[in-house]
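According to this note's numbering, the sequence shown is numbered sequentially starting from 122. The beta carbon of each residue, even a glycine, is placed where N, CA and C say it ideally should be. Right, one structure below, let's go through it.
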Amino acid sequence: MLLEARGIVKSFGAFRAVDGADLAVAEGDIIGLIGPNGAGKSTFFNVLAGDTAATAGTITFDGRDITRATPEEHAQLGIARSFQVPVTFEDMSVAENVLVGAFLRHPGRAAAEAATAEVLEFTGLAPLADGRARSLGTPGRKRLEIARALATEPRLLLLDEALAGLTPVEVRAAIELVRRVHARGITLVIVEHIMEVILTLAHRAVVFHQGRVIADGTPRAVVADPAVVSAYLGRSMSRRAAPR
Ligand code: ADP
Ligand code: MG
């Protein structure tokens, strides 16, 4: 397994936002992580990316114990993530935001700039490269989150609602981008609310509910699972919001 998380708990006081979650990710996987709001998905990503320490549990990456590794060590090992709420340097240009990521593998300015140019081209941000990040709309921001993460040249990329807030046309373009990211050889775990995206992209779907994994299987099997339907009761699991 590329990544193996076992028995992950993340407590905030007496509240367990993640309550004993397991996840195994094989190299080359695209895993869709779904679940109602507040299920603990983002908190789980925070733990996997080393942004916050797990209260309990163990995580290995490529056979190495990373449970207590720093965010920098995670990045160095090849784990990158996008944030649900973009963490953009608003007054820097789009290119400079990506350059920050590129310095991880390319300490020299020229090489970092070349790597940045490639990522900007790849993500379709090249025409916006010199504009301030603050001038970007939602699709640009979502792309910049992905570009910043890609610039660190990850083996595993965790995307947290990278398609949220996009129009159906923009969602289709973003799905295409995610496919091309995967074709680069990058393993993906994506948190996504639009079921059609999960059904289209994911090899496997993992369902979170109240900090635990309540289903893990093929996307089609998982959406038909009574426990999953019940966790979503009163919420839209339909394909209404789907891109067509
Ligand atoms: P999801 O991403 O699945 O919507 P989150 O991981 O963001 O869920 O949140 C899971 C639960 O943990 C929520 O009830 C949220 O309010 C709580 N939570 C998240 N971060 C914190 C924090 N820093 N302190 C206290 N509670 C938190
Ligand atoms: Mg979230």
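heavy atom of ligand 1 below 6 angstroms from residue i C-beta
i, result
"residue 133", "yes"
"residue 160", "yes"
"residue 87", "The chain is shown from 122 up to 365; residue 87 falls before or after that span and cannot be answered."
"residue 138", "yes"
Buried versus exposed, by CB contacts within 10 Å (16 or more), residue i
i, result
"residue 189", "exposed"
"residue 142", "buried"
"residue 163", "buried"
"residue 299", "buried"
"residue 360", "With a pLDDT of only 46 at residue 360, under the threshold of 50, the placement of this residue in the model should not be trusted; the figure read from the coordinates follows. By the neighbour-count rule (16 or more Cβ atoms within 10 Å), residue 360 is not buried but exposed."
"residue 211", "exposed"
"residue 167", "buried"
"residue 186", "exposed"
Under the three-state DSSP convention, the category residue i falls into
i, result
"residue 125", "strand"
"residue 149", "coil"
"residue 225", "coil"
"residue 191", "coil"
"residue 360", "Legend: pLDDT at residue 360 = 46, less than 50; position of this residue unreliable, value from coordinates given subsequently. Reduced to three states, the DSSP call for residue 360 is coil."
"residue 220", "helix"
"residue 267", "helix"
"residue 365", "Note on residue 365: pLDDT 42, under 50, position unreliable in the model; the coordinate value appears next. Three-state DSSP puts residue 365 in coil, outside helix and strand."
"residue 204", "coil"
"residue 307", "coil"
"residue 322", "helix"
"residue 338", "strand"
"residue 179", "strand"
"residue 136", "strand"
"residue 243", "helix"
"residue 430", "Any property of residue 430 remains undetermined from this structure, which presents the chain solely from 122 to 365."
"residue 276", "coil"
Beta-bridge pairing of residue i - partner residues as DSSP gives them
i, result
"residue 312", "154, 281"
"residue 142", "129"
"residue 186", "181"
Supposed contact pair residue j and residue i - C-beta distance, whole angstroms, cut 8 angstroms
i, j, result
"residue 216", "residue 251", "7 angstroms"
"residue 286", "residue 259", "5 angstroms"
"residue 177", "residue 130", "4 angstroms"
"residue 146", "residue 308", "6 angstroms"
Any non-hydrogen atom of ligand 2 closer than 6 angstroms to residue i Cβ
i, result
"residue 331", "no"
"residue 64", "Look at the range of the chain in this structure, 122 to 365, and you will see that residue 64 is not part of it."
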